[in-house]
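Add 80 to a position in the sequence shown, counting from 1, and you land on the number used in my numbering. Scroll down for the structure; my scribbles are underneath it.
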Amino acid sequence: MSFKMTFQSFIWAALCFMFIACDTERPAKLSQSSVIPIPVSITSAEGGFALKSDSKISYESGLQNEAQALKQRLKSLTGLEVNIEDGASENVIQLSIDPNASANEEGYLIKIDKGKVKITGNSEAAVFWGIQTFCQLVPVPSDNVSGPNPQFFISAGEIEDYPEYAYRGMMLDVARHFFSVNEVKHLIDLISTYKINHLHLHLSDDQGWRIEIKSWPLLTEIGGSTEVGGGKGGFYTQEDYKEIVRYASERHMTIVPEIDMPGHTNSALASYGELNPGIKVPEEGAVPTERTQMGVAGQPTPLYTGREVGFSTLDTNKPVTYQFIEDVIREISEITPGPYFHIGGDESHVTEMEDYIPFIEKAQDIVTKYGKKTLGWDEVAHAKLLPTSVAQYWAKAENAVMAIEQGAKVLISPATKAYLDMKYDSTTHIGLNWAAYIELDDAYNWDPTTLDEQIKREHIIGVEAPLWTETVTNRSEIEYLTFPRLAAIAEVAWSPQDRRDWDSFKSRLKFHGQRWTRDNVNFYKSPKVDW
Ligand code: TNX
């Protein structure tokens, strides 16, 4: 009897244990997954796909890059060597292009069932975004999945997705502090996970000129030789820049080069004195300002390593200035496959408006001559803009509205919401606070179409989050200001407004925190999230 009892209790205990174990390990439904940006629709089904070492990837022609990208990402996420095998039909992740997948060029579908995962997109980029979503469905490795034959369970169902905005961007200021090609590539990898498809590089400012211009070699030799705080600066050769462009384009990301003009140009004035209009002699008794350093017309200025803005200008009245900007725009346009050239145009406080306006119009003509569309900070709307031009709204809605009234479009980057260089709160050890403190919920809880009554959905090409780097000196500091806020901005830019919800976002973010931790990404552990 005692044996029988013991046996019965054993079976009972075992059943209980299995039940509890299954229950705790039962994976969430697909619709409860942590994808950021949240997809347009997710439908859950029973069961799911087990990703394991003998799973395969198959792809249609044209998608070899995407198949490789998926293979590498799965390896780094799970340690599994998932092989690419043409024609595999079971236990497989299939990549294909189908123009019916979505009405949107970047739209994709994912279907997951027991035997396979199908990722179908309208274009290579669309499939790439589908892969980013799929990779966020793969569980973070834990004790449950290690061992000799790990399996990563992905719940069954369907995801339909496409972006709200075609332009989803981040800007990196490589002028105030210089960042190497590898640092930029690392950032590209991190942000492409969130379906960011434009990286705007702020390539010149008062403190540094960061791209080789073959016809004006002193720009980098002199102008590239320092940075904020007096460090050694640096610059990209044209080959370096092409490598960044190539790396980005493999990830379906467009590089947007910016040469800021006519202000923010001290590094150019320090390299070539003929561009310097000099200053009128300051009034007697006037306190010397940064502008004092513009000194004598026609003479190079000293290099500048401070943090002030708005004191420098190109000489807008000299033909040599237009030869200069034409050479710069031509050389950079020739190595830029993307459609935009950003001419800056912000904070030209010492350029008279009567000089500023014709300057911007000439710069816009030159950009057009070299086959690009002009992007500029919102002040450029004081000039006559072409309908193909885009004003980047950072400070003044009225400037954005002026651009719209001229038939131009706007890119949305309000400093109070989207500036990644703003501190999270008063205790943040790096960053600025002139526009606002931007906590994670501030970066999330806004809608580009309700900032101003006159800026409507149809005027907006997209959203960009700029990272200015006066206080940012290395990869870890870039990461700290970028994450998690970039994930919030990415959802603003990609997901439909009616799918966005702060509570849902912050609970999905936990999974991303685990990934960042695992990947040694130095993110800000916002107290608003229960990490
Ligand atoms: C304003 S935003 C600037 C930059 C500074 C930034 C710091 C803009 C178009 N101009 O020159 O780096 O503030 O937040």
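A virtual CB, placed ideally from N, CA and C, is assigned to each residue, including glycine.
Using the Cβ count rule (16 or more neighbours within 10 Å means buried), how would you classify residue i?
i: F603; result: buried
i: K136; result: buried
i: W474; result: buried
i: N262; result: exposed
i: S182; result: buried
i: E105; result: Note that E105 scores a pLDDT of 49, beneath 50, so its modelled location is shaky; the value from the coordinates is reported in the next line. E105 comes out exposed.
i: W582; result: exposed
i: T454; result: buried
i: E538; result: exposed
i: S108; result: Per the sequence shown, residue 108 should be read as Ala rather than Ser. Exposed, since its Cβ has fewer than 16 Cβ neighbours within 10 Å.
i: V400; result: exposed
i: G303; result: buried
i: N600; result: exposed
i: T551; result: buried
i: D610; result: exposed
i: S575; result: buried
i: Q403; result: exposed
i: D501; result: buried
i: H429; result: exposed
i: S156; result: exposed
i: G195; result: exposed
i: Q373; result: buried
Hey, how far is the Cα of residue i from the Cα of residue j?
i: A206; j: T200; result: 8 angstroms
i: Q534; j: V460; result: 18 angstroms
i: I129; j: H280; result: The residue you asked about is not Ile; residue 129 is Phe in the sequence shown. When rounded, the distance between both Cα atoms is 38 angstroms.
i: R598; j: L561; result: 18 angstroms
i: T213; j: L299; result: 42 angstroms
i: V447; j: P607; result: 45 angstroms
i: P417; j: A125; result: 42 angstroms
i: Y357; j: I405; result: The question names Tyr, yet the displayed sequence has Pro at residue 357. So the alpha carbons of these two residues sit roughly 15 angstroms apart.
i: V254; j: F591; result: 30 angstroms
i: I293; j: E411; result: 7 angstroms
i: I122; j: V481; result: 37 angstroms
i: V218; j: S584; result: 19 angstroms
i: Y247; j: A573; result: 8 angstroms
i: Y654; j: A443; result: No information on residue 654 is available, as it lies outside the stretch 81 to 611 that the chain covers here.
i: R153; j: W289; result: 35 angstroms
i: Q287; j: P380; result: 14 angstroms
i: V543; j: R256; result: 23 angstroms
i: G187; j: T508; result: 38 angstroms
i: E170; j: E330; result: 28 angstroms
i: P528; j: Q486; result: 20 angstroms
i: C102; j: A477; result: Interpretation of C102 is limited by its pLDDT of 38, a score under 50 that renders its predicted location unreliable; no figure is taken from the coordinates.
i: K132; j: D407; result: 54 angstroms
Tell me whether residue i, by its Cβ, gets closer than 7 angstroms to a heavy atom of the ligand ADP.
i: V308; result: What this structure holds is the ligand TNX, not the ligand ADP.
Which residue wins for smallest C-alpha separation from residue i, given the options the options?
i: N229; options: V261, I293, E161 and A183; result: E161
i: S114; options: S587, D610, N600 and Y316; result: S587
i: S260; options: D320, H278 and I192; result: D320
i: A568; options: N513, Q594 and Y499; result: Y499
i: L589; options: F563, N600 and G424; result: F563
i: E434; options: C215, K464, G210 and D407; result: K464
i: A377; options: V389, M482, N397 and T385; result: N397
i: S392; options: P399, Q472 and H344; result: H344
i: Q577; options: P119, L110 and Q112; result: P119
i: F233; options: D527, L175, V220 and V254; result: V220
i: P117; options: R580, G159, L252 and Y420; result: R580
i: Y327; options: S506, S133, A516 and A149; result: A149
i: W514; options: A495, I484, T530 and T508; result: A495
i: I558; options: I510, G542 and A570; result: I510
i: E414; options: I335, L143 and R595; result: I335
i: S111; options: D134, F421 and Q216; result: Q216
i: L355; options: G375, Y504 and P337; result: G375
i: Y618; options: N525, S506 and Y524; result: For residue 618 there is no data in the structure shown, the boundaries of the chain being 81 and 611.
i: T530; options: I492, P438, W296 and L566; result: I492
i: E432; options: D166, P342 and L566; result: P342
i: D522; options: I540, K503, L512 and D532; result: K503
i: H67; options: Q472, W596 and K489; result: No answer is possible for residue 67: it lies beyond the span of the chain, which begins at 81 and ends at 611.
i: A570; options: S176, K265, K536 and K497; result: K497
i: W548; options: P467, E323 and H282; result: H282
i: G386; options: E146, A236, D285 and V325; result: D285
i: R565; options: L520, S141 and Q594; result: L520
i: I540; options: M250, G310 and E244; result: E244
Q) Which runs of the beta strand (DSSP E), 3 residues or longer, sit entirely within the segment 510-580? A) 540-547
**Q.** Any beta strand (DSSP E) of 3 or more consecutive residues that is wholly inside the segment 276-325
**A.** 278-282
Q | Ranges of the alpha helix (DSSP H) found wholly within the segment 173-236, counting only runs of at least 4 | A | 204-215
Q: May I have a chain-ordered list of the alpha helix (DSSP H) segments no shorter than 4 residues that lie completely inside the segment 456-519?
A: 477-485 and 495-498
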